[in-house]
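All the letters of the sequence shown, read from the start, carry residue numbers 277 to 728 under this note's numbering. Ideal placement from N, C-alpha and C gives every residue a C-beta, glycine not left out. Quick caveat, the model's predicted, so the values are computed rather than measured. Down below is the structure, laid out as structure tokens.
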Amino acid sequence: MQEIEENQTVIRNALLINEESMRKADVMIAGDCIAGIFSPGKAPSGAGTKIIEASGLWLMPGIIDDHVHFREPGLTHKGDIASESAAAAAGGVTSFMEMPNTLPQTVTISEWEEKNRLAAEKSVINYSFYIGATDSNIDELRRADSSLVPAIKLFMGASTGNMLVSDSSTLEAIFRLRNIPVACHCEDEKIIQANIAGYRAKYGEAVDPSCHSLIRSREAAIASSQTAADLARRGGARLHLLHLSTAEETRLLTPGADPAAKQITAEACVHHLWFDDSSYASKGNLVRWNPPVRTAADREALLSAVREGLIDVIATDHAPHTLEEKSAPYFKAPSGGPTIQHSLVMMLELCHRGELTPELVVRKMCHNPALLFGITDRGFVREGYKADLLLADPAAPWTVNKENILYRCGWSPLEGTTFRSSVITVFANGVPVFEEGRLTGRRAPEMLRFKR
């Protein structure tokens, strides 16, 4: 018999989506952990138990987003850890892994430690920070604690912050590191620079945003991803290919249910699964990412790779910029956009369309990030695991507008889009950080731990 304690919560009669199944269940939370999973209506309760009646709602593990840019320190006019983690919580995200291209860049252990200090003070949800590779910091990378650092971030193409690593001996040394994965942004810089020169010669500064996928071409992405895969196989490192954008890149991958068993894993981002190059006509720089959104055929190939187990995780690459910055001419406007508040409902909308299933969304956004990185006690609804949970209503339509956008930058490329699903309540470590459609003002951050 489950012992009834004070300060328990029972989520009753939810449709639990977890470990490839959908079934009605009760889930009990005690403190920061999941205390039990019961048949519907059977969870014990006492005088101090809070009951959440969840009939008609979907209960899932909290989303683990392995790819975000929260802009702190140094770029906080765009967003910061507090603002963007709050937006994440409103979208059902309970854990994030943040990239190193801030100011200063996170390329030393001391800078990495400072980010963790900031997150402990400011984040609403669980946090972790990559350490970035440069041409001259291999000793810092070797010092990184693989139980606390999710991966080394390697830019093989220049992007926001320009942390390009181009020295061949440094690349070889990075890919000989066996104790920690290498997460790679793959775009061939020589191809991109040649394309930039050609478009400038033809159009001057008046380049249309629709040219973005031609300037940062598919050939640049394919060549760089192939190089990274070759380096990983030669050096023995585990490689995580970030934000794939082409059909051809998926051919570098092998299918498999367990990403921890693969040497080379891959991520798809929500914008590459949602938009295609027809979106440039109406949205321009607002749908400009590195690598770019590409053809409808590429989008469908990425979705197929998600369904077939070639692509292991779905993430956001959440990267806010101000609307003023994004409204600049092509060569001055930055790439990237804010999506973390809307990532889950985007993918649930694809479920409504028949392109994905709820079980697959949970696998790619919850289970597989935990398995791939070896995250301790998160990513699944299991007794004894941390109570990172979300409730979503699959039949509660709403429209994205300026009044409900929570990003500091104040805009979204999805403005005007109506979604059929809504995030209702989110728990991080047992604490309701988002409840009945509103932020509660409570925080429950913990540093992620990795079993390696």
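Review point. Which whole runs of the alpha helix (DSSP H) in the region 623-681 are 4 residues long or more, in chain order?
Key: Within the region 623-681, the complete alpha helix (DSSP H) segments of 4 residues or longer fall at 634-638 and 644-649, listed in chain order.
Check your understanding: With which residues is K217 paired in a DSSP beta bridge?
Key -> A query on residue 217 cannot be resolved here, the shown segment of the chain reaching from 277 to 728 and no further.
**Study point:** Buried/exposed call for L517, threshold 16 Cβ in 10 Å
**Key:** Taking the first residue of the sequence shown as 1, we reach residue 517 at position 241. Residue environment for L517: buried (at least 16 other C-beta atoms within 10 angstroms of its C-beta).
**Study point:** Cβ shell of R419 (< 7 Å), same chain only, five flanking positions each side left out
**Key:** For the purposes of this step, residue 419 is taken as the residue at position 143 of the sequence shown. The answer, listed in chain order, is I385.
**Study point:** Beta-ladder partner(s) of P531, from DSSP
**Key:** As a first step, residue 531 must be located in the sequence shown, where it is residue number 255. DSSP, once it has assigned bridges, lists no residue as partnering P531.
Review point. Three or more beta-carbon pairs under 8 Å between the region 517-526 and the region 559-572, yes or no?
Key: At 8 Å Cβ cutoff, the stretches touch.
Exercise for review: Decide if the region 531-549 is in contact with the region 589-607; the criterion is three or more beta carbon pairs, one per stretch, under 8 Å apart.
Suggested key: Contact check between the region 531-549 and the region 589-607: three or more CB pairs, one atom from each, fall below 8 Å, which counts as touching.
Review point. Going by beta carbon distance, what residues of the same chain come within less than 6 Å of E631, once the five residues before and after it are set aside?
Key: Position 355 of the sequence shown holds residue 631. Cβ contact annotation for E631 (same chain, cutoff 6 Å, sequence separation greater than five): L579, in chain order.
Check your understanding: Measuring CB to CB, does N455 end up less than 9 Å from R728?
Key -> The count along the sequence shown starts at 1 and reaches residue 455 at position 179. The count along the sequence shown starts at 1 and reaches residue 728 at position 452. N455 places its beta carbon less than 9 Å from that of R728.
Review point. Opposite E329 in the DSSP bridges: which residues?
Key: Stepping through the sequence shown from its first residue, residue 329 is reached at position 53. Partner(s): R288.
Exercise for review: Taking the CB atoms as reference points, tell me whether A668 and M336 lie closer together than 9 Å.
Suggested key: In the sequence shown, counting from the first residue as 1, residue 668 sits at position 392. In the sequence shown, counting from the first residue as 1, residue 336 sits at position 60. Cβ atoms of A668 and M336: closer than 9 Å.
Check your understanding: Terminal residues of the continuous beta strand (DSSP E) containing G312?
Key -> Taking the first residue of the sequence shown as 1, we reach residue 312 at position 36. Per DSSP, G312 belongs to the beta strand (DSSP E) from C309 to F314.
Review point. Along the chain, which unbroken stretches of the beta strand (DSSP E) at least 3 residues long are found entirely within the region 356-401?
Key: Listed in chain order, the complete beta strand (DSSP E) runs (minimum 3 residues) inside the region 356-401 are 369-374.
Check your understanding: So which of L690, L682, Y661 and T694 has the shortest CA-CA distance to P673?
Key -> Position 397 of the sequence shown, counted from the first residue, corresponds to residue 673. Just measuring C-alpha positions, the residue of L690, L682, Y661 and T694 sitting nearest P673 is T694.
Practice item. In the DSSP assignment, find the beta strand (DSSP E) that holds D342 and state where it starts and stops. Key: On the sequence shown, position 66 is the one that residue 342 refers to. Counted as a single uninterrupted DSSP element, the beta strand (DSSP E) harbouring D342 occupies residues I339 to V344.
Check your understanding: Between the C-alpha atoms of K559 and P614, what's the straight-line distance to the nearest angstrom?
Key -> Here residue 559 corresponds to residue number 283 of the sequence shown, with the count starting at 1. Here residue 614 corresponds to residue number 338 of the sequence shown, with the count starting at 1. Approximately 14 Å between the Cα atoms of the pair.
Point to revise | Three-way DSSP call (helix, strand, coil) for A602 in this model | key: As a first step, residue 602 is located in the sequence shown; it is residue number 326 there, counting from the start. According to the sequence provided, residue 602 is Lys. The question's Ala does not apply to it. DSSP places K602 in helix when its eight states are reduced to three.
Exercise for review: Kindly identify the DSSP beta-bridge partner or partners of Y403.
Suggested key: Your numbering for residue 403 matches position 127 in the sequence shown. Residue pairing by DSSP places Y403 opposite F372 and M723 in a beta bridge.
Review point. If we call anything under 9 Å between Cβ atoms a contact, is A663 one with F703?
Key: As a first step, residue 663 must be located in the sequence shown, where it is residue number 387. As a first step, residue 703 must be located in the sequence shown, where it is residue number 427. Yes; because the gap between Cβ atoms is below 9 Å, this pair is in contact.
**Study point:** C-beta contact flag for A365 and I401 at 9 Å
**Key:** For the purposes of this step, residue 365 is taken as the residue at position 89 of the sequence shown. For the purposes of this step, residue 401 is taken as the residue at position 125 of the sequence shown. Yes, the Cβ-Cβ distance between A365 and I401 is below 9 Å.
**Study point:** Beta-carbon proximity list for F314, same chain, < 6 Å, skipping 5 on both sides
**Key:** By 1-based counting over the sequence shown, the position of residue 314 is 38. The beta carbon of F314 lies closer than 6 Å to those of D302 in the same chain, with the five residues before and after it left out.
Review point. What are the boundary residues of the beta strand (DSSP E) that includes L351?
Key: What you label residue 351 is simply residue 75 of the sequence shown in a count that begins at 1. For L351, no beta strand (DSSP E) run applies, since DSSP gives it neither H nor E.
Practice item. Compare the C-alpha of T739 against each of S371, T701 and A581 and name the closest. Key: Outside the shown range of the chain (277 to 728) lies residue 739, about which nothing can therefore be said.
Check your understanding: Any idea if K608 is buried or exposed, counting beta-carbon neighbours within 10 angstroms, 16 or more meaning buried?
Key -> Translated into the one-based positions of the sequence shown, residue 608 becomes position 332. Exposed.
Check your understanding: What separation, rounded to the nearest whole angstrom, lies between the Cα atoms of Y475 and A604?
Key -> On the sequence shown, position 199 is the one that residue 475 refers to. On the sequence shown, position 328 is the one that residue 604 refers to. Using only the alpha carbons, I get a separation of about 17 Å.
Exercise for review: My understanding is that L453 touches I428, with C-beta atoms under 8 Å, so please give their C-beta distance in whole angstroms.
Suggested key: In the sequence shown, counting from the first residue as 1, residue 453 sits at position 177. In the sequence shown, counting from the first residue as 1, residue 428 sits at position 152. Between I428 and L453 the Cβ distance is about 7 Å, and since that is below 8 Å, they are a contact.
Check your understanding: Hey, is the region 463-478 in contact with the region 499-515, meaning 3+ C-beta pairs nearer than 8 Å?
Key -> The answer is yes - the region 499-515 touches the region 463-478, with three or more Cβ pairs under 8 Å.
Point to revise | Range of the contiguous alpha helix (DSSP H) that encloses L507 | key: Walking along the sequence shown from the start, residue 507 turns up at place 231. Segment R494 to G511, the alpha helix (DSSP H) holding L507.
Point to revise | Residue from P376, I450 and P485 with nearest C-alpha to K602 | key: In the sequence shown, the residue the question calls residue 602 occupies position 326. The shortest C-alpha separation from K602 is found at P485.
Practice item. My understanding is that L690 touches L626, with C-beta atoms under 8 Å, so please give their C-beta distance in whole angstroms. Key: Counted from its first residue, the sequence shown places residue 690 at position 414. Counted from its first residue, the sequence shown places residue 626 at position 350. The Cβ separation is near 13 Å, so there is no contact.
Practice item. Report, in whole angstroms, the separation of the C-beta atoms of I310 and G660, which I expect to be a contact under 8 Å. Key: Position 34 of the sequence shown, counted from the first residue, corresponds to residue 310. Position 384 of the sequence shown, counted from the first residue, corresponds to residue 660. Yes, I310 and G660 are in contact; Cβ-Cβ is about 7 Å, under 8 Å.
Review point. Which of helix, strand or coil does DSSP assign to P567?
Key: In the sequence shown, residue 567 corresponds to position 291, counting from 1. If DSSP states are grouped into helix, strand and coil, P567 belongs with coil.
Practice item. Just tell me which of R684, G650, F656 and G713 has its CA closest to the CA of S404. Key: In the sequence shown, residue 404 corresponds to position 128, counting from 1. Comparing Cα positions, the closest option is G650.
**Study point:** Residue range of the beta strand (DSSP E) that includes L515
**Key:** Counted from its first residue, the sequence shown places residue 515 at position 239. It spans L515 to L517 - the beta strand (DSSP E) in which L515 sits, taken as one unbroken run.
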